[in-house]
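So the structure is just underneath, and the comments pick up after that.
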Amino acid sequence: MIRKCLFPAAGYGTRFLPMTKAIPKEMLPILTKPLIQYGVEEAMGAGMNTMAMITGRGKQAIANHFDVSYELEHQIQGTEKEKMLADIRDIIDNCTFSYTRQAFMGGLGHAILTGETLIGNEPFAVVLADDLCINDDDGVLSQMVKLYNEYQCSIVAIEEIDPSQTNKYGIVSGVEITDGVYRVDTMIEKPLPADAPSNLAIIGRYILTPDIFDILSQTAPGKGGEIQITDALMTQARMGNVIAYKFRGKRYDCGSIDGYVQATVALYEKSK
Ligand code: G1P
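Residues in the sequence shown are numbered from 73 upward in steps of one, following the working numbering.
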């Protein structure tokens with residue numbers, strides 16, 4: 073059973089400056105909810121109730137959001153507006169949040185390793201809140217949990233991308249074992265198109281087995297001089313222990329202005 077979900081949320085969000093000077097990028101609104109709340113709701117929908125946040129300096133708004141706000145709630149109690157807090161109350165009532173800070177930017181692998189004390193020795197999910205996934209049925213993490221129950225190994229969510237874009241993603245290749253499910257044999261972080269083994273790109277949803285922490289602690293800096301989760305996963309893949317899964321749903325890259333606006337429009341249309 074997967075109970076815990078890790079949210080690396082220490083990045084600066086420079087693509088959204090000056091908006092992200094004082095507001096964490098994870099708190100940017102998509103309609104009436106901050107980006108990270110969508111990720112937490114997806115994790116909850118997949119049966120997880122323990123949220124582990126890797127934050128950094130200036131990210132206090134995240135912890136404040138996932139906590140009660142007595143004055144505000146008292147003020148609107150019994151009014152029409154109270155129902156606007158229903159979803160966040162449901163999260164607060166049913167989940168535990170814990171936080172640790174990444175003192176310096178050492179890469180996604182380093183952020184995940186920083187979460188070891190919050191996760192311990194059990195399989196866990198990772199959500200990169202920038203990648204907002206919208207589904208009509210099961211969320212992406214729910215789909216991946218079902219797969220985990222079958223394969224009991226690390227899983228990455230993938231999608232096909234334009235081959236010219238491989239230098240923005242971790243790229244995988246492998247053998248398709250059933251429809252849309254691959255046993256991974258190669259993983260490369262942000263290869264140039266000429267070096268990419270395929271156009272199958274990792275998006276920000278992972279299920280990881282806890283041996284990843286030991287592997288990460290022994291993984292040398294890779295692309296960009298940072299500790300890459302893609303490299304650590306390649307160590308597991310060599311033992312046949314990584315599955316890549318073409319998820320159902322639509323992903324928006326809310327780390328970019330284009331994706332952020334598209335996600336906003338899509339959810340606005342859906343809400344009408
Ligand atoms: C990270 C990972 C990359 C993955 C991507 C998904 O990169 O390192 O392998 O494809 O997330 O969003 P980042 O976007 O943080 O540079």
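Glycine is no exception: its CB is placed at the ideal position from the N, C-alpha and C atoms.
Closer than 7 Å: residue i CB and nearest the ligand G1P heavy atom
i      : result
TYR110 : no
THR258 : no
GLU261 : yes
GLY297 : no
ALA273 : yes
GLY276 : yes
ASP162 : no
GLY242 : yes
ILE227 : no
THR238 : no
ILE287 : no
ASP303 : no
ASP203 : yes
GLN308 : no
LEU213 : no
LEU264 : no
GLN334 : no
GLN174 : no
LEU180 : yes
LEU100 : no
LEU78  : no
LEU280 : no
Buried or exposed by the 16-neighbour rule on C-beta atoms within 10 Å, applied to residue i
i      : result
HIS146 : exposed
TYR254 : buried
PRO106 : buried
THR250 : exposed
ALA124 : buried
LEU103 : exposed
ASN313 : buried
GLY187 : buried
ASP303 : buried
LYS153 : exposed
ALA266 : exposed
Option in the options with minimal Cα separation from residue i
i      : options                        : result
ILE160 : ILE206, MET116, ALA335         : MET116
ILE164 : TYR142, CYS326, HIS182         : TYR142
GLY83  : ALA201, ASP139, MET73          : ALA201
GLY130 : TYR317, VAL337, ILE95, LYS344  : ILE95
ASP203 : GLU152, ILE108, ASN193, CYS167 : ILE108
VAL199 : THR122, GLN224, THR250, GLU298 : THR122
ALA296 : MET216, ILE260, PHE138         : Position check: residue 296 holds Gly in this sequence, whereas Ala was assumed. Cα-wise, what sits closest to GLY296 is ILE260.
VAL228 : PHE196, ASP208, ASN239, SER236 : PHE196
LEU89  : GLY327, PHE285, GLN290, ASN271 : GLY327
LEU219 : ILE329, ALA118, LEU339, LYS322 : ALA118
ALA133 : MET120, SER236, LYS93, ASP208  : LYS93
ILE243 : GLY211, GLY321, LEU264         : LEU264
ILE191 : PHE169, GLU113, ASP162         : PHE169
Contact test: residue i Cβ vs the ligand ADP heavy atom, cutoff 7 Å
i      : result
LEU107 : Of the ligands this structure carries, namely the ligand G1P, none is the ligand ADP.
Ranges of the beta strand (DSSP E) found wholly within the segment 266 to 302, counting only runs of at least 3: Here the runs fully enclosed are 272 to 280.
Those runs of the beta strand (DSSP E) which lie wholly inside the segment 109 to 146 and span at least 3 residues: Here the runs fully enclosed are 122 to 127.
Segments assigned beta strand (DSSP E), at least 3 residues, entirely inside the segment 177 to 222: 196 to 199, 203 to 206, all fully within the segment 177 to 222.
Residue ranges of each beta strand (DSSP E) within the segment 235 to 269, 3 or longer: Fully contained in the segment 235 to 269 are the following beta strand (DSSP E) runs of length 3 or more, in chain order: 242 to 250, 253 to 261.
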